[in-house]
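Written below as structure tokens is the structure these notes are about.
So, in structure tokens, the structure goes:
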């Protein structure tokens, strides 16, 4: 009986403490602290939060979090409806700082963790994340950022190690895929002003300020293609240099919904097999130069 009474008192104290913590949670102070940490780590980046609330266990939920460039605060680079940040208690007790995150954005999900070497704002970090069902066409400022309209459902895995003040100096790898997508072309290719595709997959590695693209494959009704090469990063990202090579091949989907086995139609479809072309892309991200070989 006595043991049961003390257990009841203990549970009551724990529940009361949790309730008071939730009720008196210093949301404004913690939000201001997080915003100042991001600003100190990279003065060009602005973090803004609509609200913040405690989560369970050892976590906080950020509501309507936005990351943008300070010079353009109304054009967020990333807008997240809800992101949960949690501390890995076991790692913390052993002297390491690991934080888990689970974010809902663009009708999809981003989850992973960040491991810091220490608690300094400029400390090196390693992050792993998994992307699932992100509708990139819903990103309002992605087309102006890359200079063309894009859409599709993005998924994949990313691993990166670096520092906030010099992200392009880090190392990383990503395996990404986009399904049911389209991308606007800066100039018509084989009579197409945009590419509609069923699936676009790629492997990306970053090292020594160089992005290497490999295993890039495009599959669609109208065309299929492959691509590989490198992008030499510049501090001004749009000025990064391109050195890409690939092939593109038109398919029967170019004829839309035309059906039948007439001799002229067969001739056209067979002729497409001879139109496979190699190409190169030079120039910069801001001003790419496409040329058939």
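Residue numbers (our numbering): 2 to 294.
Just so it is clear, CB atoms sit at the ideal spot from N, CA and C, and this is done for glycine as well.
(message) So, under 8 angstroms CB-CB, residue 238 and residue 211 are touching, yes? Tell me the CB distance rounded to an integer number of Å.
(response) Contact flag wrong, Cβ pair sits at about 14 angstroms.
(message) What does the alpha-carbon distance come out to for the pair residue 279 and residue 224?
(response) 13 angstroms
(request) Could you tell me how far apart the beta carbons of residue 103 and residue 84 are, in whole angstroms, since I believe they sit closer than 8 angstroms? (result) 7 angstroms
(message) Which residue wins for smallest C-alpha separation from residue 169, given the options 119, 130, 241 and 47?
(response) 241
(message) Here's the rule: buried if 16 or more other CB atoms are within 10 angstroms of the residue's CB, otherwise exposed. What is residue 293?
(response) By the neighbour-count rule (16 or more Cβ atoms within 10 Å), residue 293 is not buried but exposed.
(message) Taking the beta carbon of residue 154 as the centre, do at least 16 other beta carbons fall within 10 Å, making it buried, or is it exposed?
(response) buried
(message) Given this structure, state the Cα-to-Cα distance separating residue 219 from residue 181, to the nearest angstrom.
(response) 11 angstroms
(request) Determine, using beta carbons only, whether residue 52 and residue 64 come nearer to each other than 8 angstroms. (result) In this structure, residue 64 lies closer than 8 angstroms to residue 52 by Cβ.
(request) Take residue 138 as the anchor and find which of 106, 32 and 114 has the nearest alpha-carbon. (result) 106
(request) Give me the Cα-Cα distance between residue 101 and residue 35, rounded to the nearest whole angstrom. (result) Cα to Cα, residue 101 sits roughly 16 angstroms from residue 35.
(message) By the three-class DSSP mapping on this structure, what secondary structure does residue 252 have?
(response) coil
(request) Run the CB neighbour count on residue 259, radius 10 Å, all protein chains shown included, and call it buried at 16 or more, exposed below. (result) Its pLDDT being 40, under 50, residue 259 is placed unreliably in this model, and the coordinates cannot settle the point.
(request) Kindly indicate which three-state DSSP category residue 280 falls into: helix, strand or coil? (result) strand
(request) Tell me whether residue 1 sits in a helix, a strand or coil according to DSSP, three-state version. (result) The question about residue 1 has no answer, for the chain in this structure spans 2 to 294.
(request) Report, in whole angstroms, the separation of the C-beta atoms of residue 196 and residue 215, which I expect to be a contact under 8 angstroms. (result) Rounded, the Cβ-Cβ distance is 20 angstroms, inconsistent with contact.
(message) Once DSSP output is grouped into helix, strand and coil, what is the label at residue 76?
(response) In the three-state reduction of the DSSP assignment, residue 76 falls in the coil class, being assigned neither a helical nor a strand state.
(message) Among the candidates 161, 150, 204 and 163, whose CA atom is the shortest distance from the CA of residue 369?
(response) A question about residue 369 goes unanswered here, because the residues of the chain that appear run from 2 up to 294.
(message) Here's the rule: buried if 16 or more other CB atoms are within 10 angstroms of the residue's CB, otherwise exposed. What is residue 47?
(response) buried
(message) Is the separation between the beta-carbon of residue 157 and that of residue 132 shorter than 8 angstroms?
(response) yes
(message) Helix, strand or coil for residue 105? Go by DSSP, reduced to three states.
(response) strand
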